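Worksheet: one structure, shown below.
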Amino acid sequence: MKSVRLPRADALQVEQSKVQHYLLNLDHVDGHAKAAFLLKFGFRQSDWKTLARALQEHGRTRPVVMQNASPYGQKFEVRCTLSSPDGRNPCITSIWIQEGSNAPRLITVLPR
1 MKSVRLPRAD ALQVEQSKVQ HYLLNLDHVD GHAKAAFLLK FGFRQSDWKT
51 LARALQEHGR TRPVVMQNAS PYGQKFEVRC TLSSPDGRNP CITSIWIQEG
101 SNAPRLITVL PR
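In my numbering, the protein residues as written are 1 to 112.
Structure below.
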């Protein structure tokens, strides 16, 4: 059986504010636990682009494990290995949404 990949994977959207001010921000009310997890694998808020690129690679290369329609568009879950600066490459779940024919946009990351 062929694994399903994200549509338009060549143009995945990972916004700077999502990465720098949420996923890598220890002071964020909802994101601090995610930041603590990601920081211990060598990601840094000052170098947010490294995580953004790793998440785009994750979305391009890892299989979609769940897909469903939501009021905002088609929602996807992609799971496992995230290339990290320290080389330990943790398993995560990334959540993406595709609105209409736009490329999927990163919603959040969940440590596994």
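Note that the Cβ used here is the ideal one computed from N, Cα and C, for glycine as well.
All values derive from a computational prediction rather than experimental measurement.
What's the gap between the Cα of N25 and the Cα of S46? Distance between the alpha carbons of N25 and S46: 10 Å.
Limits of the unbroken beta strand (DSSP E) element including L110: L110 -> beta strand (DSSP E) spans 105 to 111.
By the DSSP assignment, the alpha helix (DSSP H) with E57 in it spans what residues? E57 -> alpha helix (DSSP H) spans 48 to 61.
Can you tell me which of the three DSSP states K75 falls into? Three-state result, K75: strand.
Please confirm if the region 65 to 81 is in contact with the region 95 to 104, defined as three or more CB-CB distances below 8 Å between the two stretches. Taking one beta carbon from each stretch, the region 65 to 81 and the region 95 to 104 have 3 or more pairs nearer than 8 Å; the two touch.
Per-residue DSSP class, three states only, for S70: Assignment of S70 by DSSP, reduced to helix, strand and coil, places it in the strand class.
Three-state secondary structure (DSSP) of V64: DSSP places V64 in the strand class (E or B) of the three-state scheme.
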